[in-house]
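Okay, structure first, notes after.
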């Protein structure tokens, strides 16, 4: 008879097999598989995608490294440091379309920066250019770089720095010969994560650059939803998965600085830091604020409630294929179902992973696939659209959900688990009375992150959605693409407030845990 423990161990593996591998293989079979001709025909798109991702990552690193230094290694007021860290993390939990709206309002034809430059007789057009794509990617990924490298900088032992100073090392020698080698794994991880995010960019490229700047992600979507060239889509998907997997493997080769020390060496806050914060405000925080307030702004950037009047007075179904009530209903159903599913799989996989069963290698496989690639695996599969989207969203959420919940499992002392089992507690009783109270914050945090990601997921949903089944971010994207910006911005403000509220709740829980 199969033990319950073995059944639970098999469940995450079965989930990945049936929700990822089987649809992927069937879709490759139905679409005709790999085509070298399709790869050659799309060589220009491949070159552009690789180039723009590389340039975006370099620019992000150039801006992110000084920011990481200021946050992790200088004497800055704790409130300012915490505020900057929270504010710089907000873009990471928001969808690309929300970030694009902020850029649209700041750098667009009637954007605040454009109008400011026009007062000096400068006719600068950034939107729908390659520069807009680069700026959008830096804006979107710069906070990630600061968070990863900044935290690693905080963990460097201050006594090592002091010893180097006693030995007569200059500031540059300490930075180049001590800190950079210790930070290199974190810098590489941040760089390659940025590369992956910009390589698979969808909303930012289309909204800020336009269709003339087509990345592989955009091309896969166009082939699967517009031209129905499924073999070309499958070919580009395979190429993208191989490249992302290679980068992901390379990123994991070196270990980062994780050990925390009681003594931290902090430099005085430099004068150039004020210049950096000013540039950050211009590039990051002002577009962020404008995105949050977009619902209250008219075409010329003036305060108005017309956007909300349009939202609640017009039937948006003729624009998006779904009424506002249907958008809310399906968004809640999809996001809640996908989040619960990813958390259940993460709970099972995380339990065995911390006990050396290496299930993390199985459940992290979806991280090697972009949203469009995951969704394309289901395009030719004959199951209900709602189920398709829920499964794809759960796969998108799984790597983050698993990371949070596995950390929660690791924080439970093994002796507590052993004591409960010795006392004869069954699996359900042990989890509900022992594990859950100790892990409830981790589970809630994982749910909020998964729910937020699912609500904001755009490209995968657009690939599969059929009216009236859609989600919030997909509707905002369709409205922006059809130039119905007023209604899109009103919806965006509601979403922004919702996400930021959840994010602040997560930070409060994290502080409570510490």
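Residue numbers (the UniProt record's numbering): 1 to 514. Even for Gly, the Cβ is constructed at its ideal location relative to N, Cα and C.
{"Item": "With DSSP as the reference, label residue 586 as helix, strand or coil.", "Value": "Only positions 1 to 514 of the chain appear in the structure, and residue 586 is not among them; the question remains open."}
{"Item": "With DSSP as the reference, label residue 1 as helix, strand or coil.", "Value": "Annotation note: pLDDT 39 at residue 1 (below 50); position unreliable, coordinate value reported separately. Coil, per DSSP."}
{"Item": "Is the Cβ-Cβ distance between residue 392 and residue 220 less than 7 Å?", "Value": "no"}
{"Item": "Mapping DSSP to helix, strand and coil, what is residue 36?", "Value": "helix"}
{"Item": "Tell me the rounded alpha-carbon separation between residue 133 and residue 80.", "Value": "30 Å"}
{"Item": "Roughly how far, in whole angstroms, is the beta-carbon of residue 268 from the beta-carbon of residue 487, given that I think they are within contact range, below 8 Å?", "Value": "Not really, about 49 Å apart at Cβ, beyond 8 Å."}
{"Item": "Jot down the residue ranges of each uninterrupted alpha helix (DSSP H) in the stretch 106-152, minimum 4 residues, whole runs only, in chain order.", "Value": "112-118"}
{"Item": "In its own chain, which residues sit with a C-beta less than 6 Å from the C-beta of residue 70, not counting the 5 before and 5 after it?", "Value": "273"}
{"Item": "For the candidate residues 94, 362, 57, whose alpha-carbon lies nearest to that of residue 454?", "Value": "94"}
{"Item": "Using DSSP bridges, identify the partner residues of residue 303.", "Value": "297"}
{"Item": "Among residues of its own chain, excluding the 5 on either side of residue 494, which ones have a beta-carbon nearer than 8 Å to its beta-carbon?", "Value": "295"}
{"Item": "Less than 8 Å between C-beta atoms, sequence neighbours within five positions excluded: which residues of the same chain meet that for residue 213?", "Value": "48, 52, 130, 133, 205"}
{"Item": "Tell me, please, which residues DSSP counts as bridged to residue 466.", "Value": "469"}
{"Item": "Pick helix, strand or coil for residue 41, following the three-state DSSP scheme.", "Value": "helix"}
{"Item": "Does the Cβ-Cβ distance between residue 473 and residue 452 come in under 7 Å?", "Value": "no"}
{"Item": "Express the C-alpha separation of residue 342 and residue 496 in angstroms, rounding to a whole number.", "Value": "23 Å"}
{"Item": "May I have a chain-ordered list of the alpha helix (DSSP H) segments no shorter than 4 residues that lie completely inside the stretch 345-388?", "Value": "360-363, 371-376"}
{"Item": "Here's the rule I'm using: 16 or more other beta-carbon atoms within 10 Å means buried, otherwise exposed. How should residue 505 be labelled?", "Value": "exposed"}
{"Item": "With a 10 Å radius around its C-beta and 16 neighbouring C-beta atoms as the bar for buried, classify residue 172 as buried or exposed.", "Value": "exposed"}
{"Item": "For the stretch 232-240 and the stretch 26-45, state whether three or more C-beta atom pairs, one from each stretch, are separated by less than 8 Å.", "Value": "yes"}
{"Item": "Cβ of residue 354 within 7 Å of Cβ of residue 402?", "Value": "no"}
{"Item": "Using only the alpha-carbon positions, how far apart do residue 471 and residue 19 sit?", "Value": "20 Å"}
{"Item": "When burial is assigned at 16 or more other CB atoms within 10 Å of the CB, is residue 311 buried or exposed?", "Value": "buried"}
{"Item": "Is residue 194 near residue 60, with beta carbons less than 7 Å apart?", "Value": "yes"}
{"Item": "Using a Cβ-Cβ cut-off of 7 Å (strictly less than) and excluding sequence neighbours within five positions of residue 15, which residues of its own chain qualify?", "Value": "345"}
{"Item": "Measure the Cβ-Cβ separation of residue 106 and residue 290 and say whether it is below 7 Å.", "Value": "yes"}
{"Item": "Where does residue 74 sit, in a helix, a strand or coil, going by DSSP?", "Value": "strand"}
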